[in-house]
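Please read the structure below before turning to the comments.
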Amino acid sequence: MNRKLPPFPHLTLRFSSSSSSASPSPPPPRRLPPPVPLRDLLAHRLPLLHSPAPPPRSSPPVHPHADLLLRRRRGEATPESLHLELVKRGLTHDLFLSNHLVNYYAKSSRLACARQVFDCMLERNAVSWTCLVSGYVLSGVTDEAFRVFRAMLGVGSECSRPTSFTFGSVLRACQDAGPDKLGFAVQVHGLVSKTVYASNTTVCNALISMYGNCSVGLPIQAQQVFDSTPVRDIITWNALMSVYAKKGHVVSTFTLFTAMLRDDSAIELRPNEHTFGSLITATTVSSCSSRVLEQVFARVLNSGSSGDLYVGSALVSAFARHGMLDEAKNIFLSLKERNAVTLNGLIVGLVKQHCSEEAVGIFMGTRDSVVVNADTYVVLLGAIAEFSVPEDGLMKGTELHGHVLRTGLIDSKIAISNSLVNMYAKCGSIDKACRVFQLLCTRDRVSWNTIISVLDQNGYCEGAMMKYCMMRQDCISPSNFAAISGLSSCASLRLLSAGQQVHCDAVKWGLDLGTSVSNALVKMYGECGARFECWEVFNSMAEHDVVSWNSIMGVMANLRAPIAESVEVFSKMMRSGLAPNKVTFVNLLATLSPSCVLELGKQVHAVVLKHGAIEDTAVDNALMSCYAKSGDMDSCEQLFSEISGRRDAVSWNSMISGYIYNGHLQEAIDCVWLMMHSDQVMDCCTFSIVLNACASVAALERGMEMHAFGIRSQLESDVVVESALVDMYSKCGKIGYASKVFTSMNQKNEFSWNSMISGYARHGLGRKALEIFEEMQQSGANPDHVTFISVLSACSHAGLVDRGVEYFEMMEDHGILPQIEHYSCVIDLLGRAGKLMKIREYIRRMPMKPNTLIWRTVLVACRQSKDRDKIDMGLEASRMLLELEPQNPVNYVLASNFYAATGRWEDTAKTRAAMGGAGVKKEAGRSWVTLGDGVHTFIAGDRSHPSTKEIYEKLSVLIQKIRNAGYVPMTEFALYDLEEENKEELLNYHSEKLAVAFVLTRSSSGVPIRIMKNLRVCGDCHTAFRYISHAIGRQIILRDAIRFHHFEDGKCSCGDYW
1 MNRKLPPFPH LTLRFSSSSS SASPSPPPPR RLPPPVPLRD LLAHRLPLLH SPAPPPRSSP
61 PVHPHADLLL RRRRGEATPE SLHLELVKRG LTHDLFLSNH LVNYYAKSSR LACARQVFDC
121 MLERNAVSWT CLVSGYVLSG VTDEAFRVFR AMLGVGSECS RPTSFTFGSV LRACQDAGPD
181 KLGFAVQVHG LVSKTVYASN TTVCNALISM YGNCSVGLPI QAQQVFDSTP VRDIITWNAL
241 MSVYAKKGHV VSTFTLFTAM LRDDSAIELR PNEHTFGSLI TATTVSSCSS RVLEQVFARV
301 LNSGSSGDLY VGSALVSAFA RHGMLDEAKN IFLSLKERNA VTLNGLIVGL VKQHCSEEAV
361 GIFMGTRDSV VVNADTYVVL LGAIAEFSVP EDGLMKGTEL HGHVLRTGLI DSKIAISNSL
421 VNMYAKCGSI DKACRVFQLL CTRDRVSWNT IISVLDQNGY CEGAMMKYCM MRQDCISPSN
481 FAAISGLSSC ASLRLLSAGQ QVHCDAVKWG LDLGTSVSNA LVKMYGECGA RFECWEVFNS
541 MAEHDVVSWN SIMGVMANLR APIAESVEVF SKMMRSGLAP NKVTFVNLLA TLSPSCVLEL
601 GKQVHAVVLK HGAIEDTAVD NALMSCYAKS GDMDSCEQLF SEISGRRDAV SWNSMISGYI
661 YNGHLQEAID CVWLMMHSDQ VMDCCTFSIV LNACASVAAL ERGMEMHAFG IRSQLESDVV
721 VESALVDMYS KCGKIGYASK VFTSMNQKNE FSWNSMISGY ARHGLGRKAL EIFEEMQQSG
781 ANPDHVTFIS VLSACSHAGL VDRGVEYFEM MEDHGILPQI EHYSCVIDLL GRAGKLMKIR
841 EYIRRMPMKP NTLIWRTVLV ACRQSKDRDK IDMGLEASRM LLELEPQNPV NYVLASNFYA
901 ATGRWEDTAK TRAAMGGAGV KKEAGRSWVT LGDGVHTFIA GDRSHPSTKE IYEKLSVLIQ
961 KIRNAGYVPM TEFALYDLEE ENKEELLNYH SEKLAVAFVL TRSSSGVPIR IMKNLRVCGD
1021 CHTAFRYISH AIGRQIILRD AIRFHHFEDG KCSCGDYW
């Protein structure tokens, strides 16, 4: 009948009592002759708590069946054969032999067999329990060792009291378990203090090692045990030195070593290999000079221990970690015997010194002479992952993978498989990384962390989220790495609901308390447009690091937060004592760029120079963009010249975009061709940038030349290039060409669909845009926030109010939280339909405060109305604009135009005066046309063109012709308080009218006239162009800041609704 373990009580020693009658007392132990000692562990007699030590005995009698044990010791019998012999002889209940059998099974890691023998024992003593406990500890099954120890204490009999060996094994288990078991270990120490083993040297040594490994910070408890140990042997000194060395207290380690040499106790203390190992470790863990290591090496040489395998391995690792690679290799080669630890130490050192290729070479040269272990392969795979040339790393990694497969370790050591996944991913073979992961028989937390982070970092965000969900289904709790990667993927996909689920997991498992996870939460909520939640997470953080501040500033830049708020956040960061880095400056400049605040940009430039970040290309590019948006192209060009040696595609794009933004169209085209003839490689990304530049200035001929260049260079089949072609043709007025390119695409991404939808919307083909959107959904592609901006814009230009509101409401069904741009589109949609109350309702329900984009949209919606409520709303919008961004000239222009349109001329004058007082300048309205001899630009009343005389003559004839056809100037669009005839003269010389007159002086053919304008076309010019198209019999394609207008035969494609 098997006896099961009793229940586990608290850690208290119980004594048997004669008065105890609740249960029958166990039978007395069998009186056997004293056993032959087995390394002192199997002592039959145990010291008592209160009785004196037993008198010395004479030589113990030999056990009648000692021949069985002798055969086992000589290796003639296995534990199984010994067990079988005991069964044959009927000795299975012999306590002495059963203890030996438990011990043999336990030491050979046959724990199930050891436990079975233990459970079948009718009688047990301290040796029985100790053998089982030590077996679990040796095999690393610490939790089971603790359970058996508790059960041992619960027996309460004299013969089953823990011995010094029992306490030593349990303390070793606590040491292996680490800080989590410190409380349990302290209770064990309390038990030890109640026994005669409190001063036992072996137990004290175990306590020192345990406290050293379990305690955090200074090893105060370990030092106290050391001080209270009456008899200290070399193991005692080595134990405490090892504790100090591993914690990096080099001074304490060497002070203790000196004290040991001067110790005058009766025990002779000579430094051994473990002593020198601790000294060497101290020089490695701490940041001490390499001279200290050289002094230790000299003492090792004097002691004659340099050839010892343990000491040699430690020296190799230490010299390698200190960067003294030649010394490390010389010691490695001088060792007569080497093992995996020696090789691993050298390889780790080489990897830390960024000599990964050399580390792999050393392994290849010694793999036949040194038996390596799993740690070797883990380190090597990590080294290969850091190869400077990923292709070389992939080749070596594949070779090492084959070597691992031949050893058979891959099935038993999951760390190797995890390292293989990481290696293949960093070498660019994501497919192989996923295949290795799929073939894993078992997966631990590291396995999931690795594959999730690999997929996220390489842009496979959907795959990363799928793996995250699978991990949670396997009931594996996420780690910091998994949570951060999951949140990053949610941010990239803008999956707010999924991100909130990861947030719940982080709170559940306590991960949100970490700064890194909180930073990821800030970024996720910011990317998903949840500004309130973003600030809530940021403000709840116990500590902010540089990444925290960068994350919140990046969110503010993406959400177009007011400049004052961004500057305030930057100031708080500086006051906190943290130094900004390049990401800080890039995010801050991104906040400033849209608002054209030149003075602030210069101040930031000065701070950048102060912190030495000007040599970074990303910061340079951000500064160029800021200067360009501020209208200071001279500073932009100067900075562009200064970085001539480190320009990248973004630098060129910033320069081209700057010229376009400031109306220097010819310079933009020149910059494109200069880029093509520079050392800049024209890859798919660069090619799409050039196409975007052509699209920005509506340079159709240049764009078509680039299309032909792409076909010759075999770049046109790339999805990025094809999407850019769709965008270019649609922005250049060739919506039919754009549709053909889109239809011919073999593969479409989100940008492809968005370009086509926005192209149709821009041309006023709202219903066609919605058809493409429905086709996109049917194809399985997921619309993003840009898609819905295009869809809402299409509904707005087509006057589809109900459908627009319906699409807005369905955004959350796609996991997309409406952002400020979406609310702006809906407000524009409602404003065109005159739904004032609805506008107020949507502004109230916005989860964020209305910014300048919202108030600009409101002001434009109220401009053409004489309704009192709309005028009041417009007044409120103009006041908020000037309050939020007093340095932005666009706000003054919109406010001034609103006052003029509503007849409030006094307010118009005040606004223009305030604009001058604030030192901001209005962006001039420009129109331009691209002909064979270049780009020709015009501003209102412009007389700087060489053909000015011909232009004005042609315009005069044209105006008279359309007047005769019924055209009447709409003087309400003249934004000055002048006489009617003066207003009419101002309207006649608007830039777009000068542009069309110029084209007519050059050509009279039926080719469509293409005109670009940087601002919204005014109502008078729109009406005039309808008449002109009919009068000259030619199509006029006008692209303003809002959309395309196709004028033909007296009609416009917008239906006078734009």
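Heads up, the sequence shown is in the UniProt record's numbering, so the first residue is 1 and it goes up one at a time.
Just so you know, even glycine gets a beta-carbon here, dropped at the ideal spot from N, CA and C.
Does the region 404-420 come into contact with the region 452-462, if we say contact requires no fewer than three beta-carbon pairs (one atom in each stretch) closer than 8 Å? With a cut-off of 8 Å on Cβ pairs, the region 404-420 is not in contact with the region 452-462, counting fewer than three such pairs.
Closest residue to R904 among S878, F276, R1034 (Cα-Cα distance): Along the sequence shown, one-based indexing puts residue 904 at 904. Answer by Cα proximity: S878.
For K983, three-class secondary structure by DSSP: Taking the first residue of the sequence shown as position 1, residue 983 is located at position 983. For K983, the secondary structure class from DSSP, reduced to helix, strand or coil, is helix.
With a 10 Å radius around its C-beta and 16 neighbouring C-beta atoms as the bar for buried, classify R712 as buried or exposed. Sequence index remark: in the sequence shown, residue 712 carries index 712 (1-based). Counting the other Cβ atoms within 10 Å of the Cβ of R712 gives fewer than 16, which makes it exposed.
Count the C-beta pairs between the region 713-729 and the region 1024-1044 that are closer than 8 Å, then say yes if the count reaches three, no if not. Too few Cβ pairs lie closer than 8 Å, so no.
Note down the Cα distance separating E750 from G759, rounded to an integer number of angstroms. In the sequence shown, the residue the question calls residue 750 occupies position 750. In the sequence shown, the residue the question calls residue 759 occupies position 759. So the two alpha carbons sit approximately 14 Å from each other.
Assuming A415 and Y424 make a contact with CB atoms under 8 Å, what is their CB distance in whole Å? Position 415 of the sequence shown, counted from the first residue, corresponds to residue 415. Position 424 of the sequence shown, counted from the first residue, corresponds to residue 424. The pair is not a contact, with the Cβ atoms about 15 Å apart (cut-off 8 Å).
Apart from the five residues just before and just after M1, which ones in its own chain have a Cβ nearer than 7 Å to its Cβ? If you number the sequence shown from 1, residue 1 lands on position 1. Its pLDDT being 40, under 50, M1 is placed unreliably by the model, and the measurement read from it follows with that caveat. Apart from sequence neighbours up to five positions away, no residue of its chain approaches M1 with a beta-carbon distance below 7 Å.
At which residues does the alpha helix (DSSP H) containing T930 begin and terminate? What you label residue 930 is simply residue 930 of the sequence shown in a count that begins at 1. Per DSSP, T930 belongs to no alpha helix (DSSP H); it is in the beta strand (DSSP E), 926-931.
How big is the Cα-Cα spacing for D431 and K523? Here the question's residue 431 lines up with position 431 in the sequence shown. Here the question's residue 523 lines up with position 523 in the sequence shown. Those two C-alpha atoms are separated by around 28 Å.
Do T591 and V546 have their C-beta atoms within less than 8 Å of each other? Along the sequence shown, read from residue 1 onward, the residue named residue 591 stands at position 591. Along the sequence shown, read from residue 1 onward, the residue named residue 546 stands at position 546. Taking 8 Å as the Cβ cut-off, T591 and V546 do not qualify as a contacting pair.
Do the region 206-214 and the region 168-175 touch if we need at least three Cβ pairs shorter than 8 Å? By the Cβ rule, the region 206-214 counts as touching the region 168-175, because three or more pairs are nearer than 8 Å.
Under the three-state reduction of DSSP, which class applies to T857: helix, strand or coil? What you label residue 857 is simply residue 857 of the sequence shown in a count that begins at 1. In the structure shown, T857 falls within a helical segment according to DSSP collapsed to helix, strand and coil.
Minimum C-alpha distance to W237 - residue among A282, L261, C355, P562: One-based indexing of the sequence shown puts residue 237 at position 237. The shortest C-alpha separation from W237 is found at L261.
Segment limits, beta strand (DSSP E) that includes M1012: If you number the sequence shown from 1, residue 1012 lands on position 1012. Note, M1012: beta strand (DSSP E), 1009-1013.
For chain B, find out if any of its Cβ atoms is closer than 8 Å to the Cβ of K181; answer yes or no. Protein chain content of the structure displayed is limited to a single chain, and chain B is not contained in it.
Helix, strand or coil for K413 per DSSP? Position 413 of the sequence shown holds residue 413. DSSP, reduced to helix, strand and coil, places K413 outside both helices and strands of the structure shown, so it counts as coil.
Residues near residue 1059 in its chain [Cβ-Cβ closer than 8 Å; skip 5 each side]: In this structure the chain extends from 1 to 1058, so residue 1059 is not present and cannot be described.
What does the alpha-carbon distance come out to for the pair G966 and N888? The residue given as residue 966 occupies position 966 in the sequence shown. The residue given as residue 888 occupies position 888 in the sequence shown. Rounded to whole angstroms, G966 to N888 spans 40 Å at the Cα level.
Of the listed residues C626, S108, F96, L881, nearest to E123 (C-alpha basis): Mapped onto the sequence shown, residue 123 falls at position 123. Selection C626, S108, F96, L881 evaluated against E123 yields F96 as nearest (Cα-Cα).
Within a Cβ cutoff of 7 Å, which residues of the same chain sit near P28, ignoring the five residues on either side of it in sequence? Indexing the sequence shown from 1 puts residue 28 at position 28. The pLDDT assigned to P28 is 42, lower than 50, so where the model puts this residue is not dependable; a value taken from the coordinates is nonetheless given after this. For P28, where only same-chain residues beyond five positions count, there are no Cβ hits under 7 Å.
I'd like the list of long-range same chain contacts for H605, defined as Cβ closer than 7 Å, with 5 residues on each side in sequence excluded. Working through the sequence shown from its first residue, we reach residue 605 at position 605. Here H605 has L623 as same chain residues with Cβ atoms under 7 Å from its own Cβ, once five neighbours each way along the sequence are excluded.
Out of R912, D444, M395, point me to the one whose CA is closest to S429's CA. Locating residue 429 in the sequence shown gives position 429, counting from the first residue. Among R912, D444, M395, the Cα nearest to that of S429 belongs to M395.
In this structure, what does DSSP give as the bridge partners for I1037? Here residue 1037 corresponds to residue number 1037 of the sequence shown, with the count starting at 1. Residue pairing by DSSP places I1037 opposite R1010, H1046 in a beta bridge.
Of all the options L765, E992, A649, T398, which has the alpha carbon lying nearest to the alpha carbon of M676? In the sequence shown, the residue the question calls residue 676 occupies position 676. Per the Cα distances, A649.
Going by DSSP, name the residue or residues bridged to I939. As a first step, residue 939 must be located in the sequence shown, where it is residue number 939. Bridge partners of I939: R926.
Report the rounded CA-to-CA distance for V517 versus S252, giving the unit in angstroms. On the sequence shown, position 517 is the one that residue 517 refers to. On the sequence shown, position 252 is the one that residue 252 refers to. Distance between the alpha carbons of V517 and S252 is about 36 Å.
With a floor of 4 residues, list each alpha helix (DSSP H) that falls wholly inside the UniProt repeat "PPR" (125-159), ordered by position along the chain. Segments of the alpha helix (DSSP H) lying fully in the UniProt repeat "PPR" (125-159): 126-138, 142-155.
Residue from C504, S566, T617 whose Cα sits closest to the Cα of V537: By 1-based counting over the sequence shown, the position of residue 537 is 537. Out of C504, S566, T617, C504 has the C-alpha closest to the C-alpha of V537.
Starting from W509, follow the alpha helix (DSSP H) in both directions and report where the run begins and ends. Residue numbering aside, residue 509 sits at position 509 when the sequence shown is read from its first letter. Judged by DSSP secondary structure, W509 falls outside any alpha helix (DSSP H); it is assigned neither H nor E.
Taking contact to mean at least 3 C-beta pairs separated by less than 8 Å, is the region 306-316 in contact with the region 267-284? These segments touch.
Keeping to the same chain, check which residues put their C-beta closer than 6 Å to that of S696; ignore five residues upstream and five downstream. As a position in the sequence shown, residue 696 is number 696, starting the count at 1. Sequence-distant Cβ neighbours of S696 in its own chain, meaning closer than 6 Å and more than five residues away, are I660.
Report back the beta-carbon spacing between V137 and A173 to the nearest angstrom; my notes put them in contact at under 8 Å. Stepping through the sequence shown from its first residue, residue 137 is reached at position 137. Stepping through the sequence shown from its first residue, residue 173 is reached at position 173. With 8 Å as the limit, V137 and A173 qualify as a contact, their Cβ atoms being about 5 Å apart.
For the alpha helix (DSSP H) containing Y468, name the first residue and the last one. As a working mapping, residue 468 is identified with position 468 in the sequence shown. First-last of the alpha helix (DSSP H) with Y468: 461-473.
Spell out the partners DSSP gives residue 1088 in its beta bridges. This structure gives no information on residue 1088, because the portion of the chain shown stretches from 1 to 1058.
Spatial distance of G710 from E716 (CA atoms): Taking the first residue of the sequence shown as position 1, residue 710 is located at position 710. Taking the first residue of the sequence shown as position 1, residue 716 is located at position 716. Here the alpha carbons of E716 and G710 stand approximately 5 Å from one another.
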